[in-house]
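Residue numbers (this note's numbering), protein chains in the order written: chain A, 92 to 637; chain B, 281 to 525. All residues carry an ideal CB built from backbone N, CA and C; glycine is no exception.
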Amino acid sequence: MKQGTRASQVAFVIAMFVIGAGALWLRLSHLDARPMHTDEAVHALKLRDLLRGQYRYDPHEFHGPTLLYFTLPLLRINSASDIADINETTLRLVPALFGVGLIVLLLLLRDGLRAPALLYAALLTAISPAMSYYARYYIQETLLVFFSFATVVALWRYVQSGKTAWCLVAGACLGLMHATKETWILSLFAMLPATGLAALWTRRIDGLRVGWIQRLKTRPILGALALGCLVSVLCYSTFLRHPQGVLDSFKAYATYLSRGGGDSIHVHPWNYYLSILAYFRNGPGPWWSEALILVLFVIGALASLWRHGTESAWASHVAHPGLARFLTFYTLLLAITYAVLPYKTPWCLLGFLQSGILVAGIGALVCVRAMPGRVLKTAMAVLLVAATVQLTNQAMAANSPRFAADRRNPYVYAHSSTDVADFGRQMEDIAASIPNGHQMLVAIVAPDAWPLPWYLRRFKNVGFWNDANDPALKAALPEAGVVIASTDLQPAVQKLLRAAKSEYSYQEQTRSLRPTVFFAANIRDDIWQAFLKRQETSRANAGETP
Amino acid sequence: MKLRRPIYLNSAVAALSSVVLAAAMLSANAAPAARKAPAKKTPAKAATRAPMVPLKLALPKPAYLGTPKNITGTTAERPTGKPRPAVYVPAGSRNVAFKKPVTGSDDAPIIGTLDLITDGDKQAVEGSWVEFGPGTQWVQIDLQQPYTLSYLVLWHFHGEARVYRDVVVQVADDRDFIKGVRTVFNNDRDNSSGQGLGKDREFYESAEGKLINMKGVKARYVRLYSKGNTSDDQNHYTEVEVYGR
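1. DSSP state of A:Gly634, grouped into three classes?
2. From A:Ser99 to A:Gly302, what distance separates their C-alpha atoms?
3. Rounded C-beta distance between A:Leu165 and A:Val133? I'm assuming under 8 angstroms.
4. Using a beta-carbon distance cut-off of less than 9 angstroms, what residues from the stretch 495-506 of chain A approach chain B?
5. Let me make sure I understand the geometry here. Which of A:Thr578, A:Arg416, A:Gly442 has the alpha-carbon closest to that of A:Leu277?
6. For the alpha helix (DSSP H) that contains B:Gln420, what are its first and last residues?
7. Please name the residue in A:Gln145, A:Leu587, A:Val533, A:Gly113 whose C-alpha comes closest to that of A:Ala559.
8. Report the neighbours of A:Ala611 on chain B: residues whose CB is nearer than 7 angstroms to its CB, in chain order.
9. Using a Cβ-Cβ cut-off of less than 8 angstroms, list which residues of the stretch 465-483 of chain B approach chain A; keep chain order.
10. Give a yes or no on whether the C-beta atoms belonging to B:Glu485 and B:Val448 are separated by under 9 angstroms.
11. Take the Cβ of A:Leu331 as the centre, count every other Cβ of all protein chains shown within 10 Å, and call the residue buried at 16 or more, exposed below.
12. I need the straight-line Cα distance from A:Arg589 to B:Asp446, nearest angstrom please.
13. Go ahead and label A:Ile448 buried or exposed: buried means 16 or more other beta carbons lie within 10 angstroms of its beta carbon, across all protein chains shown.
14. Does B:Trp418 have its Cβ less than 9 angstroms from a Cβ in chain A?
15. Would you give the residue range spanned by the beta strand (DSSP E) that A:Ile575 belongs to?
16. Would you mind sorting A:Arg205 into buried or exposed? The rule is 16 or more other CB atoms within 10 Å of its CB.
17. In three-state DSSP terms, what is B:Lys490?
18. Quick check on A:Asn527: does DSSP put it in helix, strand or coil?
19. Show which residues of chain B have a CB atom less than 8 angstroms away from the CB atom of A:Ile598.
20. Looking at chain B, is there any beta carbon in it that lies within less than 9 angstroms of the beta carbon of A:Pro542?
21. Please decide whether A:Pro637 counts as near chain B, where near means a Cβ-Cβ distance under 9 angstroms.
22. Below 8 angstroms, how does it come out for the stretch 233-251 of chain A and the stretch 265-284 of chain A: are there three or more Cβ pairs, yes or no?
23. Flag A:Arg201 as yes if its beta-carbon sits less than 9 angstroms from any beta-carbon of chain B, otherwise no.
24. What does A:Arg602 reach in chain B if we use C-beta pairs closer than 9 angstroms?
25. Starting from the Cα of A:Leu424, find the closest Cα among A:Leu279, A:Gly192, A:Tyr228, A:Ala102 and give me that residue.
26. For B:Ile390 and chain A, any beta-carbon pair shorter than 9 angstroms?
27. For B:Leu504, count neighbouring Cβ atoms within 10 angstroms of its own Cβ and tell me buried if that reaches 16, exposed if not.
28. Mind pulling the chain A residues with CB within less than 9 angstroms of B:Phe485?
29. Give me, in chain order, the residues of the same chain whose beta-carbon lies closer than 8 angstroms to that of A:Glu152; leave out the 5 immediate sequence neighbours on both sides.
30. Please state whether DSSP places B:Gln514 in a helix, a strand or coil.
31. Is B:Ala499 helix, strand or coil when you go by DSSP?
32. Let's test the definition: count the other Cβ atoms within 10 Å of the Cβ of A:Trp378 and tell me whether it reaches 16, buried, or not, exposed.
33. Taking DSSP's pairing of strands, which residues face A:Ala534 in a bridge?
34. I need the DSSP call for A:Pro360, collapsed to helix, strand or coil.
35. Using a Cβ cut-off of 7 angstroms, pull out every chain A residue sitting near B:Asp513, in sequence order please.
36. Could you name the residues of the same chain whose beta carbon sits closer than 6 angstroms to that of B:Val464, not counting the 5 residues immediately before and after it, in chain order?
Shown next as structure tokens:
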């Protein structure tokens, strides 16, 4: 009996390892293939500020600093001192590793959920198209989900073991949640009533005593809160160099509150997240659906809320009803909160999707075991395997170079075009074609040029102007090798170029930042000719014939 | 009493008028790249053999109307949102590509089938276009016999304003494009598709289609290249019409 238990534990760990390895593969393959989203580019440039000792938390934009801090070790490993020395892969490794970390954390819930439910939840976390897609995005969301879940897991371990260390870990994770993104408050405000509702449910519906409340001790909890505050203060003050950041982290709520309810292109209807997850098809190409998770969540939620202690087949598959109910209420409350807020970006769904997946794991177990007879049980298992394979295919497609930035992918949102990445490569080739290389002055005359600053990060002299009438622009233009202009400012820029340097003509290219958002790149003719000559030489060296 | 002009004089006057008229119309209506073509090039020559008639194009429903503000400012050709000024072709010209066999750099496109390119359906809706993967891709139409070609009209995906890269149109006398290869349009400014440096302007896609002056070349095979576009790195073809006789 004991050997059997050990064998099943070993099998469980091996299965989790295999799932984790698969999740890692899915999150790491072709990490640099997708063009940098504007938000990713902004955070990369913030990282440059941090490296130069100029970083300060901004309560109006850019969220908390943990994403940047957790990138620093990867820069060290790459011996990089600036973002010019790294590429997209290095940056995206950070959320990718935290995405896999969500699976590792499940090992700590071994006594809270039944092993098959936990394994299936791990599998869904690994292969969910949304979970895998945004774990490859250099934004804060996956980190926020990780720290939120780590807080829950640490608290679970604390109430199970009574060990103060777990309580302190929970406190530190709470601090990291706060230091990651302002929307941490939504997760916290979902956690607190979910805990209360789970306890109330156990008391009223099951008629049982809520044991874990007695295990809570004041000192460890106060210690945890103090540690959380310390972590948060250190992060927001850039390790005490800018104390104002701490105050700003609270001022930020005014900004985000007004944004959450205000007019914006990010205002979407209440069912926005549901419509992405349930069924999505945009033009010819594949359809996308994570309905498997939604359906299993509903079944898992019903099983969790079922009266415990009865002989019901549903309730008997929930190892610990308190945890299952907490996850159910937490998922529902967080989903409703995000649905009610008019301001929506698709990656915000990760918070409730991750916890919903755990409940879906319970749902899958219920589906199989509640079936009468071996044949139906097997049929249900086969059906689940088939649906899981289909979901895996979707995840692979969503993360493939073909669909990673394609608007037919439901998770592609206001994404940069492949054209801007292509322009970035061309600019690097241009720099390699001329004597002054990356010292060449690049003038950008556009109110919105993101993510171009990322693609021009290796150029030492890049100037930004919002106004074509700026005298400083007029003075700089004669020295500029490449002048980039938004389409509305391009006619004025062309006039200035004609007036500034009559001996040069310019090659004009029509490029795009995002689909249907165009810009003009004016490349000085002598530089363009040098670029063409280098291209020709490269082709000749490669033995290409036209 | 009216004097009758000798018949040879009538013919000469008619021919001269046709040449002048054709040259004037070509000059007024053709794309700027075509404007530079010498007036005595072949469409005009064809006019000496047949009267010129307006080319009637059936345009698809516009997916976006007029000239969106965001595409003004650059030198890429924009849709005008107005009816295109008439262009003239020799009488008897027709779309000789209609329902003709199409081959491509990828015989199994990602979406759609190659026959969609010459099926007459040029709407910007699902089921009307073919999608090829990234990089330089081409489609080739076998006109099944040599024709004297006056114009080609091309629709990539025109559901939104976008610019396709490295658009090159060539004709040849053999299917492998070895004999008699002539380039009639090329906007590949850096020769990244390897068909030579192009001088033609880039253009925004629209329901109006891109009208390309084929300058009276005589050929059986027509090949069109592209290399991604400003929205994504895929290549799409909705319809190609080739007018000739």
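The short version:
1. coil
2. Note on geometry: alpha-carbon atoms of A:Ser99 and A:Gly302 lie some 29 angstroms from one another.
3. About 18 angstroms; that fails the 8 angstroms criterion.
4. Ala496, Asp497, Arg498
5. A:Gly442
6. Per DSSP, B:Gln420 belongs to no alpha helix (DSSP H); it is in the beta strand (DSSP E), 417-435.
7. With distances taken between Cα atoms, A:Ala559 lies closest to A:Leu587.
8. Gly353, Thr354
9. For the stretch 465-483 of chain B, which is checked against every Cβ of chain A, the residues closer than 8 angstroms are Arg469, Asp470, Asn471, Ser472, Gly474, Gln475, Gly476, Leu477, Glu482.
10. No, these two residues do not count as a Cβ contact at 9 angstroms.
11. exposed
12. A direct Cα-to-Cα measurement between A:Arg589 and B:Asp446 gives close to 27 angstroms.
13. buried
14. no
15. 571-577
16. buried
17. strand
18. In the structure shown, A:Asn527 adopts coil according to DSSP, grouped into three states.
19. It should be noted that the sequence gives Gln, not Ile, for residue 598 of chain A. Within 8 angstroms Cβ-Cβ: Arg469.
20. no
21. Confidence at A:Pro637 is low in this model, with a pLDDT of 45, below 50, so the placement of that residue is unreliable and no value is reported for it.
22. yes
23. no
24. Thr354, Val443, Thr510
25. A:Leu279
26. yes
27. buried
28. According to the sequence provided, residue 485 of chain B is Glu. The question's Phe does not apply to it. Those within 9 angstroms of B:Glu485 in chain A number zero; the least Cβ separation is about 11 angstroms.
29. Cβ neighbours of A:Glu152 beyond the five flanking positions: Val133.
30. B:Gln514 falls in the coil class under three-state DSSP.
31. strand
32. Note on A:Trp378: under 16 other CB atoms within 10 angstroms of its CB, so exposed under the neighbour-count rule.
33. A:Gly554, A:Val574
34. coil
35. Thr509
36. Val449, Met494
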